[in-house]
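To keep things clear, I will list the structure first and then write my remarks on it.
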Amino acid sequence: MILSKKSIILILLSVFIINAAAIIIYTYVPKYLLFLGVEKPLMQLIITIFPLTAFIFPPLYGYYSDKIQNRYAFILFGTIGMTVSYLMLFFTQNLILIVLFLFLFGFFMASSNLLMTLFAELVEDDRTFISYFNASVVAGWFVGAQSGGTFIDFYSIENIFLFILLISLPSVILVPFINEKRSLILERYNSQEEKKSNSLTFSNSEEGVSISQSIYYGLFFRNFSIKPIMPILAIIMISHLGSDSEVGFLIGINFLMQFFQMLLIGKVITIKNIKSFMIVGYLLSSISIFGYIISTNFWSYLFFQFLVSFSYSMHWAATITYIAQKTSPKNKGKYMGYANSSVFSGSFIGGLLFSLLLTVFNSDYYIVMYFMIIFPLISTIIIFLKFNPNQKIPKLSKKEIDSELLH
127 MILSKKSIIL ILLSVFIINA AAIIIYTYVP KYLLFLGVEK PLMQLIITIF
177 PLTAFIFPPL YGYYSDKIQN RYAFILFGTI GMTVSYLMLF FTQNLILIVL
227 FLFLFGFFMA SSNLLMTLFA ELVEDDRTFI SYFNASVVAG WFVGAQSGGT
277 FIDFYSIENI FLFILLISLP SVILVPFINE KRSLILERYN SQEEKKSNSL
327 TFSNSEEGVS ISQSIYYGLF FRNFSIKPIM PILAIIMISH LGSDSEVGFL
377 IGINFLMQFF QMLLIGKVIT IKNIKSFMIV GYLLSSISIF GYIISTNFWS
427 YLFFQFLVSF SYSMHWAATI TYIAQKTSPK NKGKYMGYAN SSVFSGSFIG
477 GLLFSLLLTV FNSDYYIVMY FMIIFPLIST IIIFLKFNPN QKIPKLSKKE
527 IDSELLH
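Counting from 1 along the sequence shown, just add 126 to a position and that's the residue number in my numbering.
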């Protein structure tokens, strides 16, 4: 059941716009920093600022939004804050200020990510609607990456932050009209729990959450390797290709394919195949990194962009569907935050290692990328050995049941 059709439409539009602007930051800021004369190892280190903020803050935002039962305030705060960050980045070429404003961008982006949690609550964790949300995210990535490359070809990298600012402005108009429907969300959830009261699983309590911790380790190791590579992918591609428009197309086509894959996966994913989706997704990540190393032309890059799109769509859709269906409105924000934190903690620490290896190997991207192939394989092994999607909540004794009822 959809609890607010208007709000989910506004969320989908907002998510599309926010991610269109954010992917331009992630994809083209490395080239902008090189334009300013920053050395490759330092540039890579600066890019890790965003994963650092996204690692630290999502669990905190999730925890406090659970505690006060308000997602909207965090979402509005994050959306406005990101737009202000883009404005500040447009007005400066000072490296210290750029580092500061990139930190603030990540800080506000982490807050706006509660759009995902609120959307899952408004559609009552329906897997098909969650796939619509994921598809809206990657559609924004496609449009942002493609339009960013085209903009650079016409107007140069120097003006990229003006373009990002203009793209982001509509989100500031849309987000204030989202209605959280918090009382209705809790009313519907409590009603459903009352119907299940005879089972006494107490899934709304912290003790009743049966999330397999292996999913967080899987996310960590996969993103430890592939996330540091993605921001410099445009730089690697441009050394073999003719224009930023071509690079923008290749980066964007990855997200366009994810759009359709997310819609498809949302219809076919079940508790029986969630584990298989995760395993194949992580395995394809290692193959994709190797593909980036050996690619030398447009068509080889296109093929491996196809593989990496499946890699992301499969493991992420499976993970988010799993968490959404295992949690409640009283703890969903925190556990979604843990997932985002796992992604970006891997990105941050992997980015530090990537920067160190670049220094050791004289800024040779290809040698460093060979080191990174191993980590998605670790994710694959962890999920294969440790993940059990059918993990049950331990049954409570009569004494424990009586204690729960008294509280």
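From the three backbone atoms N, C-alpha and C, an ideal C-beta is built for every residue, glycine too.
Every value quoted in this text rests on a predicted model; they were computed, and no experiment measured them.
Taking 8 Å as the upper bound for CB-CB distance, T205 and V263 are not in contact here, some 15 Å apart. For the pair R308 and N196, the CB atoms are nearer than the 8 Å cut-off. Annotated three-state conformation of I304 is coil, per DSSP.
Taking F436 as reference, the option from V469, A261, S473 and Q384 with the minimal CA-CA separation is Q384.
DSSP, read as helix, strand or coil, puts I499 in coil.
For F350, same chain residues with a beta-carbon under 7 Å away, outside a window of 5 residues either side, are G472, I475, G476 and F501 in chain order. Look at the beta carbons and you see the segment 440–452 not touching the segment 424–431: under three pairs across the two are nearer than 8 Å.
Selection P184, P455 and G417 evaluated against M498 yields G417 as nearest (Cα-Cα). In this structure, the CA atom of I362 is about 18 Å from the CA atom of T174. Per the C-alpha coordinates, the member of L382, P184 and L171 positioned closest to S237 is P184. Rounded to the nearest whole angstrom, the C-alpha separation of L484 and S421 is 20 Å. Within the same chain, Cβ atoms closer than 7 Å to the Cβ of M242 are found at F259 and M462, the five residues on either side in sequence being excluded. Straight-line measurement puts the Cα of L168 at about 26 Å from the Cα of Y281.
Distance from the CA of S257 to the CA of I293, rounded to the nearest whole angstrom, comes to 24 Å.
Between I151 and the set F200, I290, L240 and I194, the nearest pair of CA atoms involves I290. The way I'd put it, the segment 223–239 doesn't touch the segment 375–382; fewer than three beta-carbon pairs between them come closer than 8 Å. Non-local C-beta neighbours of S369 in its own chain, meaning closer than 7 Å and more than five positions away in sequence, comprise D279, ordered along the chain.
Just so you know, the alpha carbons of K512 and S340 end up roughly 6 Å apart. If you draw a 10 Å sphere on the C-beta of L223, you find fewer than 16 other C-beta atoms in it, and that means exposed. Taking 4 residues as the minimum length, the alpha helix (DSSP H) runs contained wholly in the segment 219–249 are 221–238 and 240–248, in order along the chain. When the Cα atoms are used, Q387 and Y198 turn out to be separated by approximately 29 Å. In the three-state DSSP reduction, E284 falls in the helix class (H, G or I). Comparing alpha carbon positions, the residue from L136, V494 and F142 closest to Q170 is V494. When secondary structure is reduced to three states using DSSP, H366 falls in the coil class, being assigned neither helix nor strand. Note that the C-beta distance between I400 and P302 is not below 8 Å.
Annotation: the continuous alpha helix (DSSP H) that includes M208 extends over Y198 to F216. Using a Cβ distance threshold of 8 Å, I283 and F161 count as a contacting pair.
The continuous alpha helix (DSSP H) containing M462 extends over residues K458 to V486. In the structure shown, I135 adopts helical secondary structure according to DSSP, grouped into three states.
DSSP places M356 outside any alpha helix (DSSP H), giving it a letter other than H or E.
Close CB contacts of H441 within its chain, under the 6 Å cut and outside five residues either way in sequence, are with M404, G407 and Y408 (chain order). The beta carbon of I504 sits closer than 7 Å to those of F347, all from its chain and outside the five residues before and after it, given in chain order.
Ranked by how close their Cα comes to the Cα of E313, the residues N285, Q431, S439 and E250 have E250 in first place. If you draw a 10 Å sphere on the C-beta of T254, you find fewer than 16 other C-beta atoms in it, and that means exposed. A residue is called buried once 16 or more other Cβ atoms fall within 10 Å of its Cβ, and G163, having fewer, is exposed.
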